[in-house]
Amino acid sequence: MNELMQAAAMVLDGEVLLVIVAASLFGLFMGAIPGLTATMATALLVPVTFFMEPLPAIAAIVSATAMAIVAGDIPGALLRMPGTPASAVYADEAYLMGKKGKLGLALGINVTCSMLGGIIGVAVLALFAPRIAEFALQFTSDEYFWLALLGLSCAILVAGGDPLKGAISMLIGLSLAMIGMDSVSGQMRFTMGSYDLLAGISLLPVLIGLFAITELLRSLPNAGQRASRVETPKGKLLDGVARTTWRYKGGVARGGLLGTMIGALPGAGADIASWISYAISRKLSREPQKYGTGHPEGLVSASAANNAALSGAYIPALVFGIPGDTVTAIIIGVLTTKGITPGPDVFTEQGALVNAIFMVFVLANLLLLPLGLMAIKGAGRLLAVPTGVLYPLILMFCIVGAFSANNSMFDVWVMLGLGLVGVFLMENDFPLGPLILAFILGPIIESNFMRSILKSDGDLMAFVDRPIAMVLAGLAILTWTLIIANGVWKGRKAGKGGGVSTEAS
Amino acid sequence: MRTSDAVSGTMAAALGAALIVASADLSPLPRQVYGAGTFPKVVGALLLLMGGLLVLKGLRQRQPWARWTSKVSGRAFVLALAAVVASVIAYVVLTPLLGFPIVAVALLTLLFRAYHRRGWGRALLIAVIATTVIWMLFAQLLHVPLEAGLLERVLY
């Protein structure tokens, strides 16, 4: 009980509350504008969080992403253009509802179900994370090695597309992570005599380069085009929302739980959660023929799922230090720079902080409703923000943000380089998720491998001589089999299809 | 731009080969087979393998070497690319000489003029406001040492 009181005191601090509101507004803006994603919002927030205490830093990222995912629904319904990839699956449905004069209902459902889904996700997180952490306390470097490897493998599996490309993307991330001083022997690796590379490549310029500069390079060519006129919903927004949500309450619960579970899988985030949840809801529906014509049922499940996935991703991140998606990968990076290594020990040593994080989640999700409704009312103005002004501003923010990590111009070069690499990879259907996860997990995998091998004096069998390690190893091998099978199957299908490769969605 | 998988595969394989070569002189830990060179060699070998498989796939499917697939025109993309690269280079080179405020205002003015297309006056005005806000946020609030440069005496 004492820990809960402490946690409440930490959250009810003026600074934390202010950060939550400010970050929510920032996320709302970034999410509502098509082309700016929740991950980009996080990457741009990180330079600011570097200067905060751990709790407000996490609070900022949690609230900004939750709000960005909800705000992404708005341009989907108004313009048929999803604000973030997580809204893509039901943008058509919401837009068609709008055409039928149910715009208020569609957006109201988006906001309400997002909040409910988010709350379900937090509940699962708060309920299960401490239990799993208790179990994870007995893990040694053997288990962590397998766990991190399993995380990477899952990331390739769920990234979709060509598994070969996912694997190469992951290997590039691992290569980047190896630059600098080797943590075990202290030898210099691939520094090419450069002083700047001694400490390795910092996370922040990599993030900003991959997720902000890459997106910017893809969006900037369209900048300056006249924004289309937007019709915002008139009348009462929440009319009929409660009734519809209650009617599909099963869909909300299913979307929330499914979203949390998918979010917890490494590499799968809010966008995959909403795709799968929408598909399942269609399959189980009593009136599947109505899907795609402006029917709210799929909207209910998928809206709940993408916000629940955000919370779900924190389960492996907080418990094992293995990120579930790009946003939690960033969180782990931020916490590490503050001297907190996410893992089961955090639950026993910093119980108050963990509980405070859960409370921040609840607050951020409750804020979705008022701020979301405000955003819908102001959508016309929000979507009229001239991109010709916005994108140059983001570029300046990226440069200053990358510089601020170590106050070094070298990081600005790293950012630019990674941005260019990112564009090339995206254009060629290499997923960026595995790259960033590998960049963060690489050092974890290597240092745990070396620790285990030193303990066992070079005996590789020591990696599988404990029961949990054996199970994890088995799971990793199973994942690789699935990846290879998937690759062979896809290769055969592509071969039969006359060699036409599929376009990126 | 989308290249044939044979091209991107070759690049991946080349990276793998480079990793293996560069890690050749990393010595293992005392009395061990494993050391600082283990992971680079494993990752390098995997890159060689996967890159090779990708090359085979690209060749077998007879993919075109390079083509333009994105929705925006090639010209607009090249211009945007040039704008971003030039801005970053200009920033890195000029900031130590002229200071953040001057460089930021100049860069933003040019970019706003190019992409917002509402005349120089408005571009300059927005650039000054934006630079002031970024300066307040990063230099004053977060204590990032942005150089004041030529404006040092004016600002302090």
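In the order they appear, the protein sequences are chains Z and U.
Taken in order, the first sequence gives residues 17 to 521; the numbers are from our numbering.
Taken in order, the second sequence gives residues 16 to 171; the numbers are from our numbering.
Note that CB positions come from ideal geometry on N, CA and C, so glycine has one too.
Note that the structure is a prediction, hence the values are computed from the model and not measured.
query                                                                                                                 : result
Cα-Cα separation between U:L94 and Z:A239, rounded to whole angstroms                                                 : 12 Å
Nonlocal neighbours in the same chain, by C-beta distance under 7 Å from Z:L488, ignoring five residues either side   : E159, W162, L163 and L166
Beta carbon of Z:D341 nearer than 9 Å to that of Z:G275                                                               : no
Residues bridged to U:A51 [DSSP beta-bridge criterion]                                                                : Note: U:A51 sits in no beta bridge, so no partner.
U:A37: contacting residues in chain Z (beta-carbon distance under 9 Å)                                                : R205, F206 and M208
DSSP three-state assignment for Z:P332, whether helix, strand or coil                                                 : helix
Straight-line Cα distance separating Z:L448 from Z:A142                                                               : 30 Å
Exposure of Z:F42, with buried meaning 16 or more beta-carbon neighbours within 10 Å                                  : buried
Buried versus exposed call for U:L156 [16 or more other C-beta atoms within 10 Å across all chains shown]             : exposed
U:P43, DSSP secondary structure in three states                                                                       : strand
Alpha-carbon spacing of Z:L28 relative to Z:I469, whole angstroms                                                     : 46 Å
Cutoff 6 Å; reference U:A28; Cβ partners in own chain excluding five residues on either side                          : L63, G66 and G67
Cβ pair Z:A75, Z:V35 closer than 9 Å                                                                                  : yes
Close Cβ partners of Z:G513 (< 6 Å) along its chain, the five nearest in sequence each way excluded                   : Its pLDDT being 46, under 50, Z:G513 is placed unreliably by the model, and nothing is read from it.
Identity of the residues DSSP links to U:R128 by a beta bridge                                                        : In DSSP, U:R128 forms no bridge with anything.
Test: U:G59 CB closer than 9 Å to a CB of chain Z                                                                     : yes
Straight-line Cα distance separating Z:F479 from Z:A485                                                               : 7 Å
Chain-ordered residues of the segment 100-111 of chain Z with a beta carbon less than 9 Å from chain U                : none
Chain U contact for Z:L33 (CB, 9 Å cutoff)                                                                            : no
Secondary structure of U:T18, DSSP reduced to three states                                                            : strand
Chain Z residues whose Cβ lies nearer than 7 Å to that of U:I144                                                      : By Cβ distance, chain Z contributes nothing, its closest Cβ being about 10 Å from U:I144, past 7 Å.
DSSP three-state assignment for Z:G283, whether helix, strand or coil                                                 : coil
Residue-level contact to chain U via CB, Z:L432, 9 Å cutoff                                                           : yes
Identity of the residue in Z:L168, Z:M83, Z:A54 and Z:R508 nearest Z:L379 by Cα                                       : Z:M83
Meets three-Cβ-pair contact criterion under 8 Å: the segment 391-411 of chain Z and the segment 166-181 of chain Z    : no
Limits of the alpha helix (DSSP H) - the one that Z:A215 falls within                                                 : First-last for Z:A215: undefined, no H or E at that position.
Straight-line Cα distance separating Z:M208 from Z:G196                                                               : 10 Å
The segment 446-460 of chain Z contacting the segment 190-206 of chain Z, beta-carbon criterion three pairs below 8 Å : yes
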